[in-house]
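Engineer:
2 protein chains.
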Amino acid sequence: MRIGDLSAATGASARSLRYYEEQGLLASTRSGGGQRHYPETAVERVSLIQSLLAAGLNSATIQDVLPCISNEAIRTPWLADRLTSELERVTKQIQDLHRTRDILAGLVEQYRVP
Amino acid sequence: MRIGDLSAATGASARSLRYYEEQGLLASTRSGGGQRHYPETAVERVSLIQSLLAAGLNSATIQDVLPCISNEAIRTPWLADRLTSELERVTKQIQDLHRTRDILAGLVEQYRVP
DNA sequence: GTAAAACTTGACATCCGTGTAAGGGTCAAG
DNA sequence: CTTGACCCTTACACGGATGTCAAGTTTTAC
């Protein structure tokens, strides 16, 4: 599939897909004329990238953390620690968001027009 | 309390506190020489601001949503709708983060050095 | 009264994923 | 072929909270 198809399938803009590749997060092959082609599996990979970005990981971290193009999955304690630390961060973030949601819910209650 | 005390009490930098005031989120009185003074209640208010910022609300939205300096709480259907919409956004964000946390947990499992 | 610490305003810098525009090349259908 | 849709690279801009520097003023401690 070409970049437009992948974009349509994932909701990521073509710009973003090129950026992911530039950051070493997403691989593509090129046709004779230089256009990118992706395997079907790219859809899931982009979805994963989007999730991790939304969770607050930056592309360098994702690059470290995902088995990728030039970066075969190497099992090191360091990598496991890194992942665990990100996991803890996200878990804390979820807890904080719960608190914030409660605050917002309280405001909604308070501001509701009777 | 002065800005340094409030900063220490909340973890927000003095820069951020001035920014909150500039955005109409935080009030202060000034001493003769022009230095800001805050009531004790400012600590809680800053904490609230920080939560809402962390939840992805921008300062304009927070200004709309918080009963504030120049912006007395006016109960309008519009405001309730706005808050509700933010509440839904945060709720969805929490759901998405749960999914991402599971993904990260899976990676941790997978990369763990045996 | 003097020095140090804290504060003021203003301006510019940073991050980083994404948008967007320019100028040109590729590909498939008619 | 030609045409229109799609894609390429390069480069610059943005948002928005926060950092940081500069030059000057206020407050506090001694």
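The listed protein sequences derive, respectively, from chains A and B. Numbering-wise, my numbering comes out as the position in the first sequence, counting from 1, plus 7. Numbering-wise, my numbering comes out as the position in the second sequence, counting from 1, plus 7. Note that CB positions come from ideal geometry on N, CA and C, so glycine has one too.
Could I get the ranges of all uninterrupted beta strand (DSSP E) runs contained in the stretch 14-76 of chain A, with 3 residues as the minimum, in chain order?
Structural biologist: Entirely contained in the stretch 14-76 of chain A, not one beta strand (DSSP E) run reaches 3 residues.
Engineer: Could you compute how far the alpha carbon of residue 107 (chain A) sits from the alpha carbon of residue 66 (chain B)?
Structural biologist: Stepping through the first sequence from its first residue, residue 107 (chain A) is reached at position 100. Stepping through the second sequence from its first residue, residue 66 (chain B) is reached at position 59. Looking at the two C-alpha atoms, the distance is approximately 15 Å.
Engineer: Could you tell me whether the stretch 86-103 of chain B touches the stretch 25-32 of chain B, where touching means 3 or more Cβ pairs closer than 8 Å?
Structural biologist: Output reads no: the stretch 25-32 of chain B does not touch the stretch 86-103 of chain B.
Engineer: Please list the partners that residue 111 (chain A) has in chain B, where partner means a Cβ-to-Cβ separation under 7 Å.
Structural biologist: Translated into the one-based positions of the first sequence, residue 111 (chain A) becomes position 104. Going along chain B in sequence order, the residues near residue 111 (chain A) (Cβ under 7 Å) are 90, 93, 94, 97.
Engineer: What's the gap between the Cα of residue 71 (chain B) and the Cα of residue 86 (chain B)?
Structural biologist: Translated into the one-based positions of the second sequence, residue 71 (chain B) becomes position 64. Translated into the one-based positions of the second sequence, residue 86 (chain B) becomes position 79. Spanning the two alpha carbons is a distance of roughly 8 Å.
Engineer: Would you mind reading off the limits of the alpha helix (DSSP H) that contains residue 91 (chain B)?
Structural biologist: Here residue 91 (chain B) is taken as the residue at index 84 of the second sequence, counted from 1. Taken as a continuous stretch (DSSP letters only), the alpha helix (DSSP H) holding residue 91 (chain B) covers 84-118.
Engineer: Using only CA atoms, which one of B:59, B:104, B:116, B:24 lies nearest to residue 109 (chain A)?
Structural biologist: Taking the first sequence and counting its residues from 1, the one referred to as residue 109 (chain A) is at position 102. Nearest option by C-alpha distance: B:59.
Engineer: For a quick check, are the C-beta atoms of residue 114 (chain A) and residue 55 (chain B) less than 7 Å apart?
Structural biologist: Taking the first sequence and counting its residues from 1, the one referred to as residue 114 (chain A) is at position 107. Taking the second sequence and counting its residues from 1, the one referred to as residue 55 (chain B) is at position 48. Cβ distance not < 7 Å, so residue 114 (chain A) and residue 55 (chain B) don't count as in contact.
Engineer: Taking the straight line between their C-alpha atoms, what separation do you get for residue 10 (chain A) and residue 21 (chain A)?
Structural biologist: Position 3 of the first sequence, counting from 1, holds the residue named residue 10 (chain A). Position 14 of the first sequence, counting from 1, holds the residue named residue 21 (chain A). Their backbone Cα atoms lie some 6 Å apart in a straight line.
Engineer: Quick check on this structure: which residue in B:28, B:41, B:102, B:45 has the alpha carbon closest to the alpha carbon of residue 15 (chain B)?
Structural biologist: Locating residue 15 (chain B) in the second sequence gives position 8, counting from the first residue. When only C-alpha atoms are compared, the closest one is B:45.
Engineer: Under the assumption that residue 13 (chain A) contacts residue 53 (chain A) (Cβ atoms under 8 Å), give the Cβ distance between them as a whole number of angstroms.
Structural biologist: Translated into the one-based positions of the first sequence, residue 13 (chain A) becomes position 6. Translated into the one-based positions of the first sequence, residue 53 (chain A) becomes position 46. About 7 Å; that satisfies the 8 Å criterion.
Engineer: Our contact map puts residue 102 (chain A) next to residue 63 (chain A) with C-beta atoms below 8 Å; I'd like the distance itself, whole angstroms only.
Structural biologist: To locate residue 102 (chain A), count along the first sequence from 1; it is residue 95. To locate residue 63 (chain A), count along the first sequence from 1; it is residue 56. With a Cβ gap of about 14 Å, residue 102 (chain A) and residue 63 (chain A) do not count as contacting.
Engineer: Of the choices B:39, B:117, B:40, whose alpha-carbon is the least far from that of residue 84 (chain A)?
Structural biologist: Here residue 84 (chain A) is taken as the residue at index 77 of the first sequence, counted from 1. Of B:39, B:117, B:40, the residue nearest in Cα terms is B:117.
Engineer: Looking at C-alpha atoms only, which residue of B:57, B:88, B:104 is the closest neighbour of residue 24 (chain B)?
Structural biologist: As a working note, residue 24 (chain B) is residue 17 in the second sequence. Comparing Cα-Cα distances from residue 24 (chain B) to each of B:57, B:88, B:104, the minimum goes to B:57.
Engineer: Check the Cβ of residue 58 (chain A) against every Cβ in chain B and list those closer than 8 Å, keeping chain order.
Structural biologist: Numbered from 1 along the first sequence, position 51 holds the residue referred to as residue 58 (chain A). What residue 58 (chain A) touches in chain B: 103, 106, 107, 110.
Engineer: Any residues in the stretch 8-35 of chain B with a beta carbon nearer than 7 Å to a beta carbon of chain A? Which ones, in chain order?
Structural biologist: Listed by position along the chain: nothing, the set is empty.
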